[in-house]
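**Q**
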Amino acid sequence: MELKIQHNLDLIGKLPSKICNRCTLALTVIHWIALAQYNRNDVMKCIHKQEYIEEMAKIFYEQWQNTYHAFGLYNLEDVIRDIKDNHACNYDQLPILAIALDNNNQNLVATAGLEKCDVPAGNPYYNTTPWMACVYTKPEYRGEGVATYMINKILAVAKQLNYTHVWLWTENATSLYEKLGFHIVEKIKHIGMDITIMRIDFDTSAY
């Protein structure tokens, strides 16, 4: 199923996509959760669905604490507030955050997002956009292609928003992203980490 960014909330019921036997992708923002259950009136009631926002914030802060500190987010409460204020209502502009849910119990399975920028001021790539970010799959769901599916769907979002490329940085997932079409731009030091800057170009003439 090809992703179409919908500007009419009445159409969001067309968006759920099956990832694997257990999982459904709830695209493209936090308040589009368990979409099959929704009508137009339900959408706005779920913008601040605490159980997902707080769980995501905890995962993100544990995984990328140094990165959040570099952006001035110094504790879990800061991250929760950032998700609510900057991500929870976007569906056709950045930043965008997608989640995958377990079909059986609606538990959070995985996340992926598209940010305006995923490096702080002072980084040589600060003025580049957009960036793949927040790619995470819970350990018990790994090995089923969930991350690959999430990444490809976020890339589809970027194309729908007319971006010609997407950036990312990674510490140890270079091979995964290369398989999906990203190429290595540079290896640099970033917030005390050795990372690889990567990019995918939708128009191959941009290489």
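Here the sequence shown stands for residues 1252 to 1458, numbered as in the working numbering. C-beta: ideal position from N, C-alpha, C; glycine also. All values derive from a computational prediction rather than experimental measurement.
1. What separation, rounded to the nearest whole angstrom, lies between the Cα atoms of residue 1428 and residue 1405?
2. On the CB-based measure, 16 or more other CB atoms within 10 Å of its CB, does residue 1338 come out buried or exposed?
3. Report the start-end ranges of each beta strand (DSSP E) in the segment 1373-1416 that is 3 residues or longer and not cut off at the edges.
4. Return the CA-CA distance between residue 1368 and residue 1306, expressed in angstroms with no decimal places.
5. Using DSSP's beta-bridge definition, name the partner residues of residue 1447.
6. Looking at the unbroken beta strand (DSSP E) that takes in residue 1365, where does it start and where does it end?
7. Return the Cβ separation of residue 1387 and residue 1361 in integer angstroms, given the expectation that the two are a contact with Cβ distance under 8 Å.
8. What's the gap between the Cα of residue 1413 and the Cα of residue 1419?
9. Where residue 1433 and residue 1336 are concerned, what is the direct C-alpha to C-alpha distance, given to the nearest angstrom?
10. If you draw a straight line from the alpha carbon of residue 1356 to that of residue 1407, how long is it in whole angstroms?
11. May I have the straight-line CA-CA distance separating residue 1317 from residue 1454, to the nearest angstrom?
12. Short check: CB of residue 1366 to CB of residue 1352, under 8 Å?
13. Quick one: what's got a C-beta closer than 7 Å to residue 1327's C-beta in the same chain, skipping five residues either side?
14. Can you pull the DSSP bridge partners for residue 1452?
15. Which residues bound the alpha helix (DSSP H) around residue 1327?
16. Where does residue 1427 sit, in a helix, a strand or coil, going by DSSP?
17. Tell me where the alpha helix (DSSP H) around residue 1317 begins and ends.
18. With distance defined between alpha-carbon atoms, name the residue in 1321, 1436, 1391 and 1382 nearest to residue 1410.
19. Let me know the secondary structure DSSP gives residue 1311 once reduced to three states.
20. Considering only C-alpha positions, which residue in the set 1375, 1390 and 1392 is nearest to residue 1441?
**A** Well, looking at it:
1. Against the sequence shown, residue 1428 aligns to sequence position 177. Against the sequence shown, residue 1405 aligns to sequence position 154. It is roughly 13 Å from the alpha-carbon of residue 1428 to the alpha-carbon of residue 1405.
2. Here residue 1338 is taken as the residue at index 87 of the sequence shown, counted from 1. By the neighbour-count rule (16 or more Cβ atoms within 10 Å), residue 1338 is buried.
3. For the segment 1373-1416, whole beta strand (DSSP E) runs of length 3 or above, ordered along the chain, are 1382-1388.
4. Counting from one through the sequence shown, the residue named residue 1368 turns up at place 117. Counting from one through the sequence shown, the residue named residue 1306 turns up at place 55. So the two alpha carbons sit approximately 23 Å from each other.
5. The residue you call residue 1447 lines up with position 196 of the sequence shown. BP columns for residue 1447 point to 1421 and 1438.
6. Here residue 1365 refers to the residue found at position 114 when the sequence shown is read from its first residue. Run containing residue 1365: 1359-1366, per the beta strand (DSSP E) assignment.
7. By one-based count along the sequence shown, residue 1387 stands at place 136. By one-based count along the sequence shown, residue 1361 stands at place 110. The C-beta distance from residue 1387 to residue 1361 rounds to 6 Å, short enough to fall under 8 Å.
8. Along the sequence shown, one-based indexing puts residue 1413 at 162. Along the sequence shown, one-based indexing puts residue 1419 at 168. Near 18 Å, if we compare the C-alpha coordinates of residue 1419 and residue 1413.
9. Your numbering for residue 1433 matches position 182 in the sequence shown. Your numbering for residue 1336 matches position 85 in the sequence shown. Straight-line Cα distance between these residues: approximately 30 Å.
10. Here residue 1356 corresponds to residue number 105 of the sequence shown, with the count starting at 1. Here residue 1407 corresponds to residue number 156 of the sequence shown, with the count starting at 1. Computed Cα separation, rounded: 27 Å.
11. For the purposes of this step, residue 1317 is identified with residue 66 of the sequence shown, where counting begins at 1. For the purposes of this step, residue 1454 is identified with residue 203 of the sequence shown, where counting begins at 1. If I take the Cα positions, the gap works out to 33 Å.
12. In the sequence shown, counting from the first residue as 1, residue 1366 sits at position 115. In the sequence shown, counting from the first residue as 1, residue 1352 sits at position 101. Cβ atoms of residue 1366 and residue 1352: not closer than 8 Å.
13. Working through the sequence shown from its first residue, we reach residue 1327 at position 76. For residue 1327, same chain residues with a beta-carbon under 7 Å away, outside a window of 5 residues either side, are 1308, 1309 and 1312 in chain order.
14. Residue mapping note: residue 1452 aligns to position 201 of the sequence shown, counting from 1. Looking at the DSSP assignment, residue 1452 forms a beta bridge with 1416.
15. In the sequence shown, residue 1327 corresponds to position 76, counting from 1. Run containing residue 1327: 1327-1337, per the alpha helix (DSSP H) assignment.
16. Mapped onto the sequence shown, residue 1427 falls at position 176. The DSSP-derived three-state label of residue 1427 is helix.
17. The residue you call residue 1317 lines up with position 66 of the sequence shown. It spans 1316-1321 - the alpha helix (DSSP H) in which residue 1317 sits, taken as one unbroken run.
18. Counting from one through the sequence shown, the residue named residue 1410 turns up at place 159. Residue 1410 has its Cα closest to that of 1382, out of 1321, 1436, 1391 and 1382.
19. On the sequence shown, position 60 is the one that residue 1311 refers to. Residue state, collapsed to three classes: helix.
20. Translated into the one-based positions of the sequence shown, residue 1441 becomes position 190. The shortest C-alpha separation from residue 1441 is found at 1375.
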